[in-house]
Structure formats: C-alpha cells, structure tokens
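In the numbering used here, the protein residues as written are 8 to 678.
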Ligand SMILES: Cc1ncc(C[n+]2csc(CCOP(=O)(O)OP(=O)(O)O)c2C)c(N)n1
C-alpha cells in the first residue's frame, strides 16, 4: 500500500486522517504501551464516519438523540481519544492525550465509560461492544416507538475487529440484531487479517460476510482507505432495511514498516519507525502537534450537529409538559414516585395472605405491579420465560411488528442478552432486566462484570438458585455462583427469603442508578417468613433481625433466601430446649456491609454462637462468621461443600444435611 498514492488521491482527507494516526503514534510512544495498528488502520473509516455521517455535537455529548459510536475493538482506544480531542470534546484535552494510560487520566488503556464524555461504553474485552451496540439499537427502536421519530431517531455505529467477530458473544449479538431487523445499527468490521498471534488464517476461515448475511444482515464492502468508497458504503448501509455490516478492507499499522503484520497490532515505540512512518504520511509536525487549520476543520466537524440539536431542543419544547417531564425522568434513570407506595401495598397484601410461593414467583408478583408504573422497563429471558417468571401481563413482545413491546425473547444467548442489556442501560431511557438460571451466570459473566465496572443499573433475574431446583441435577445447581457474584465489586446480590423480601429487593435494585443487581431466586416454594407488615424496606439494610431469641440468647443463625425458613425451624427446635436463638435474615451482604457500625453491631452482637445457613459454598459467609465480632471457635456453617445431585429437592436438602435438625445440631456442637 503506497501511502503517497493515497495522499495524492484525497489530500485533504489524508491530512485529516493523519491527525488520528500521528496522535496515536505519539501517545503510544509516550506511554510506551498501547495499540498503534488498529487506529492507524481504521483512521480513514472513522474520519469519514465522523465527518459525513455521525450525528453528534461535541459541545453537548449527552444529547439524547445523538448517534452512538461504539469502539468494540477497545484496544484501539487511541482512535476514540483522538477523535474526541480533535472534534473538541471539552474534557478530552491534549494533556489527556499526552497522559494516555497514566493513573488519573481519562485516557485509560481501554475506553472506560464515565471517564470522558463521548465514551459510550467500556470496551476492551473483545466482542462486548458489539453486543452493547445491539442493545443500544434495540433501545433506540423501542424509544422511537414510544416517543416518536421527532424525539428519537438516531443510529448506532460500531467498529469491530477480527477478535470481536471471533468471540462467541458476537454470534449471539448478530443473531439477535438480525432477528430484530435493527436497521439503525451499522457495524464496520476492521477487516485487516491480523490478530496478535499472526494472520487470522492461523485460527479461522469464516466467511464473515456470509455469516452476517445468514443471520439477516445486509452486508457491504469497502476499501477502508478510500474515503469515497467508505462514504458510499456508509450511505448504502444507512439506507438498508436491516442491520448493516460493512467489511472495511484495511491495513493494520498503515504506512509503517510493521504494516500488515502482527507486530503492527501492538505498541510501535521505536523512534526510527515513528519518524519513518510520519515521513510516509508527509507529516512534518512535532509530537502531539496538530496544525491549527486541521484542528479547526476537525472542530467544525464536531460542531456540525449543533443545528440538528437545536431543532431537537425545539421539538422537545413543543411536547406537552407531562411528556417532557416523563422523558427527562426516564432519561435520568429516576424511579417514578409511585414505586415506593406500590411496593408497600404489595408487601402488606403478602403479609396478610402469607402465601407459600417460590421467590421466582414472588418476583413475578412484584413485576406485575412494577411494570405498569415504570413504562421504561424492558424485560426478557434467555429462553426461560416460564421458569424465570419475567413476563408480566401488560408487556407485549418486542419485535419488528411491535417496537413498543416491552418483552424480549433473547433466545438461548445469556452472554448476548447481558451485553445487550448493558447497551440498553447505557443508552438511557430504558430499564432492562433479564433472566436465566442462576447457574448460567457463568455464560453471562463477561458482560455482567462490565455492568459492575461501568456502574450501570441492570437487573439480573437469576432463578433456580440452589440444589432446591431438584431433579435437573448438579449441572444446573449453582453452588459457587453466589460467592463469585458477591466477590464482584459494585454488584448487589439479593437472595430474598420470601415474597416480602423479594418485593423489597426489587425496590432496592431499581433505585440503584450506578450498580447492577442480581436477584437470586428459588425454584421451590418458600413460606412467608415476614409475617408482620413493616413499611420500611428491611432488605435495603442488607440484613436485619427477623426473629428475636425468646430464651436467653445463645446463638445467632444467619441465613439467606430459601434457607431462612430452615433457620427458623432450627430456632423452634432450640427454643424448645430452652436455648435462645436469634435469626438474622441477610438478603444482601453488600448492603449490610455499607450500614454503619452501630447497626451492624445491633444485628450481629458478639458473644453468641453463630451459624450461617445457605445452600451454597461457605466462602462469602466467613466475613460474617469470623469478622463482625465473631470467633472461629464459635462459628459454624451449614451449606454445600461440593456439587449437588439429581433428586427431588427435599431429598437433596436431607442428603446434604441442610435441615433444621442439622442446624440445631451444629449449634449444640458449638455451645
Ligand atoms: C475477550 C478478550 N480476549 C482477549 C483479548 C486480548 N486481545 C486484545 S486485542 C487481541 C487481538 C484482536 O485482534 P483484532 O481484533 O484483529 O485486532 P487488530 O489486530 O486488528 O488490532 C486480543 C487477543 C481481549 N482484549 N479480550
């Protein structure tokens, strides 16, 4: 590839794109780490996209009707940072570019949501951005149906590399987008034939265009270094009726001696190589230097959308006040005021009727009252709707014929579902929740971790949360999953004991703006353990005294979920013997940990024997058994030590010794 020919063919474009290429070279050299090749290869595509197609206003990065640009190939972060700097995003200063990958800078190794305006999502784990993009596009379709084209009408553009397309999550995302005919989604594939280990052909021979086409996408091709060809392909992609994929033929690390090699993938830091490459670009400026005429051109690109945005503002102002307020509330992620009263009413009804229901059913009962008042919830399940109890009566199905439908059949795609839900939550204006079996959080894990890292409020309805699911056996019975989820920073794990706690958990979860929640729910029926109506949300405190000792307190039993009633059985046995036992229900360890010391001390005072009961592994319980004034000699655990087995649930509880009698015996042994 002769860069002289490219420069001669489109000199103005060439100079604009060279800004991205040289900033990348300089920033990676300064950091002595990073990925030079991808931004150097995709600079032309990105330049044409931003200049001719992307609807955005750099001075208003949160404008709700902007087009979204998602860099799924997050290792090429300098592509995004360069674009944000060049087009004039206020927080992306040249100093930030100079401090690429340094502590405290907003230019992290991979783009991190929340660091800088214009970073729509955190990417780096390959394929995630692509799945997010599908969620963004679904949210856009839904909101367009709800609010009308005048309020919501934008595109989602995504750059994905070979790595993104090799990851399994890509197939889930592609299938979902094809099914839903997401015509406002455009994926640009950086088709450069190179990954870290060498040529793509070392590990893959997939016909990517055929693969997308087979899932219902419209596919296009372009020469990723010819601005006219790129523009043509983008124009065609925007006009297509389905989601569009453009295979952009590019050269990684274009213009350098590492071009078209895996060496070009990583950090190009050699002084001579950088000098030679800049010479090949015809670039005669110093490091980090963008000549003012070019910077002005780029800033004009950044301001191109200002008129569109002003028009949009006027259209919003023309809406009725009620609609304006509702739009602003949903975009801000605020809960409607009615939520609290609605949950209280449900709790009251449950304490009066004391049903014995599975907490997955209790979750459905909660959703039946939540969904009608929060019109931005988008529910779904990875093909376990009837088991996860995620679909309520009023939702309707989201599909091309009914974009206003609020229930999504994700198919058997836990990871794709989760990545899409992240995208929806990031888009704003919708509140996604989705379900699968708790055991298959493993399949969703890559994206769940990113919900937590980014701080987006997605609710995970994870049913069949223990051996209590019974006959499906150990393949389906989670034992280590609660520990894994609780170990994840910024994730709330709710394991409610009954229908009251489940309603409270939903309220607490929905009120989180920057933290995802898992609701770990039982398959099997559990009795109502909260028999006295309290308006205050007890679950919000993480743990609370459910039943006080009657005789002199000698033991505290701490339990969650379906094991709370087992702890109550043990208490009855022990109290019958004159041993005073307090039962603490602990539906959410993370929230309890945030309570002040005096509250924690009131719930878990020192002195008494402590036994935790949960049909999972012990690991997360040590904090409450040994810490918080506990002592090893006085601590015990009743739960799982290995995998489960296939049998009816009650037999399994007996077999694994998770019974009231076993808990009572443990207390005896410790006293
Ligand atoms: C899930 C995941 N696995 C592995 C990596 C490490 N990784 C970063 S880039 C890359 C190669 C990607 O190849 P490609 O998408 O073709 O990028 P290019 O070489 O074109 O820059 C790998 C394996 C990662 N970031 N995410």
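Backbone N, C-alpha and C fix where the C-beta goes; we use that ideal spot for every residue, glycine too. In this text, all values refer to a predicted model and were calculated from it rather than measured experimentally.
Neighbourhood of residue 133 by C-beta, 6 Å cutoff - its chain only, sequence neighbours within 5 removed: Counting from one through the chain shown, the residue named residue 133 turns up at place 126. Excluding positions up to five away in sequence, the list reads 170, 171, 174.
Residue 254 - DSSP class collapsed to helix/strand/coil: The sequence position of residue 254 within the chain shown is 247, counting from 1. Here residue 254 sits in strand by DSSP.
Residue 650 classed as buried or exposed, judged by whether at least 16 other C-beta atoms fall within 10 angstroms: In the chain shown, the residue the question calls residue 650 occupies position 643. The residue in question, residue 650, is exposed, as its Cβ has fewer than 16 Cβ neighbours within 10 Å.
Contacts around residue 388, its chain only, beta-carbon distance under 7 Å, and the 5 residues preceding and following it disregarded: As a first step, residue 388 is located in the chain shown; it is residue number 381 there, counting from the start. Excluding positions up to five away in sequence, the list reads 395, 397, 417, 441, 442, 443.
For residue 592: DSSP bridge partner residues: Numbered from its first residue, the chain shown carries residue 592 at position 585. Residue 592 pairs with 551, 566.
Short Cβ contact (8 Å threshold) for residue 497 with residue 465: Locating residue 497 in the chain shown gives position 490, where the first residue counts as 1. Locating residue 465 in the chain shown gives position 458, where the first residue counts as 1. For residue 497 and residue 465, no; Cβs fall outside 8 Å.
Terminal residues of the alpha helix (DSSP H) in which residue 281 lies: The count along the chain shown starts at 1 and reaches residue 281 at position 274. That run of the alpha helix (DSSP H) goes 278 to 288.
Residue from 219, 61, 151 whose Cα sits closest to the Cα of residue 309: Residue mapping note: residue 309 aligns to position 302 of the chain shown, counting from 1. The candidate whose alpha carbon is nearest that of residue 309 is 61.
Supposed contact pair residue 391 and residue 656 - C-beta distance, whole angstroms, cut 8 Å: If you number the chain shown from 1, residue 656 lands on position 649. If you number the chain shown from 1, residue 391 lands on position 384. Actually they do not touch by this definition, with Cβ atoms about 18 Å apart.
C-alpha gap between residue 217 and residue 662, whole angstroms: By 1-based counting over the chain shown, the position of residue 217 is 210. By 1-based counting over the chain shown, the position of residue 662 is 655. Going from the Cα of residue 217 to the Cα of residue 662 covers about 52 Å.
Beta-bridge partners of residue 229, as assigned by DSSP: Here residue 229 is taken as the residue at index 222 of the chain shown, counted from 1. BP columns for residue 229 point to 255.
Own chain residues within Cβ distance below 6 Å of residue 143, not counting five before or after: The residue given as residue 143 occupies position 136 in the chain shown. Hits under 6 Å: 75, 163, 430, 434.
Near ligand 1: residue 171 beta-carbon under 7 Å from a heavy atom: Translated into positions along the chain shown, residue 171 becomes position 164. Indeed, a heavy atom of ligand 1 lies less than 7 Å from the Cβ.
Helix, strand or coil at residue 331 [DSSP, three-state]: For this step, residue 331 is matched to residue 324 along the chain shown. Correct three-state label for residue 331: helix.
Helix, strand or coil at residue 524 according to DSSP, with G and I counted as helix: Position 517 of the chain shown, counting from 1, holds the residue named residue 524. Note: residue 524 maps to strand in three-state DSSP.
Residue range of the unbroken beta strand (DSSP E) whose run includes residue 466: For the purposes of this step, residue 466 is identified with residue 459 of the chain shown, where counting begins at 1. From DSSP, the beta strand (DSSP E) with residue 466 extends over 466 to 470.
Inter-stretch contact (C-beta, 8 Å, three-pair minimum) for the region 504 to 522 and the region 569 to 587: yes
Completely contained beta strand (DSSP E) runs for the region 435 to 467, where each covers 3 or more residues: 438 to 444
Delimiting residues of the alpha helix (DSSP H) encompassing residue 740: Absent from the structure is residue 740, since the part of the chain shown begins at 8 and ends at 678.
Host alpha helix (DSSP H) of residue 186 (start-end): Sequence index remark: in the chain shown, residue 186 carries index 179 (1-based). Looking at the DSSP string, the run of the alpha helix (DSSP H) that includes residue 186 is 175 to 186.
Extent of the continuous beta strand (DSSP E) run through residue 198: The residue given as residue 198 occupies position 191 in the chain shown. 192 to 198 is the span of the beta strand (DSSP E), which, as asked, contains residue 198.
Counted within 10 angstroms of its Cβ, other Cβ atoms place residue 609 as buried (16 or more) or exposed: Numbered from its first residue, the chain shown carries residue 609 at position 602. With fewer than 16 Cβ atoms within 10 Å of its Cβ, residue 609 is classed as exposed.
Check: residue 565 C-beta below 7 Å from any heavy atom of ligand 1: Your numbering for residue 565 matches position 558 in the chain shown. For ligand 1, not one heavy atom lies less than 7 Å from the Cβ of residue 565.
Stretch pair the region 53 to 60 + the region 122 to 141: three plus CB contacts closer than 8 Å: no
Exposed unless 16 or more other CB atoms sit within 10 angstroms - verdict on residue 251: Within the chain shown, the letter at position 244 stands for residue 251. Buried.
Whole-angstrom distance between residue 468 and residue 327, CA atom to CA atom: Taking the chain shown and counting its residues from 1, one reaches residue 327 at position 320. Taking the chain shown and counting its residues from 1, one reaches residue 468 at position 461. If you take the alpha carbons of residue 327 and residue 468, they lie about 35 Å apart.
Rounded Cβ spacing between residue 215 and residue 454 (contact assumed at less than 8 Å): The residue labelled residue 215 in the question sits at position 208 within the chain shown. The residue labelled residue 454 in the question sits at position 447 within the chain shown. The pair is not a contact, with the Cβ atoms about 22 Å apart (cut-off 8 Å).
Buried versus exposed call for residue 393 [16 or more other C-beta atoms within 10 Å across all chains shown]: Walking along the chain shown from the start, residue 393 turns up at place 386. Exposed, because fewer than 16 other Cβ atoms sit within 10 Å of the Cβ of residue 393.
Close Cβ partners of residue 13 (< 7 Å) along its chain, the five nearest in sequence each way excluded: Sequence index remark: in the chain shown, residue 13 carries index 6 (1-based). Here the set comprises 21, 232.
Cβ-heavy atom distance, residue 174 to ligand 1, below 7 Å: Counted from its first residue, the chain shown places residue 174 at position 167. Residue 174: yes, Cβ under 7 Å from ligand 1.
Secondary structure of residue 373, DSSP reduced to three states: Here the question's residue 373 lines up with position 366 in the chain shown. Helix.
Nonlocal neighbours in the same chain, by C-beta distance under 6 Å from residue 226, ignoring five residues either side: Along the chain shown, read from residue 1 onward, the residue named residue 226 stands at position 219. Excluding positions up to five away in sequence, the list reads 216, 219, 220, 252.
Close beta carbons around residue 659, own chain, < 7 Å, minus the five adjacent residues each side: Walking along the chain shown from the start, residue 659 turns up at place 652. Only 474, 477, 651, 652 meet the Cβ criterion.
C-alpha distance - residue 63 paired with residue 224, whole-angstrom precision: Reading the chain shown from its first residue, position 56 is the one you call residue 63. Reading the chain shown from its first residue, position 217 is the one you call residue 224. Approximately 25 Å between the Cα atoms of the pair.
Contact the region 527 to 536 vs the region 358 to 370: 3+ CB pairs below 8 Å: yes
Same chain, Cβ closer than 6 Å to residue 222, neighbours up to 5 away in sequence not counted: Position 215 of the chain shown, counted from the first residue, corresponds to residue 222. Counting only Cβ-Cβ distances below 6 Å, and skipping sequence neighbours, we find 181, 182, 185.
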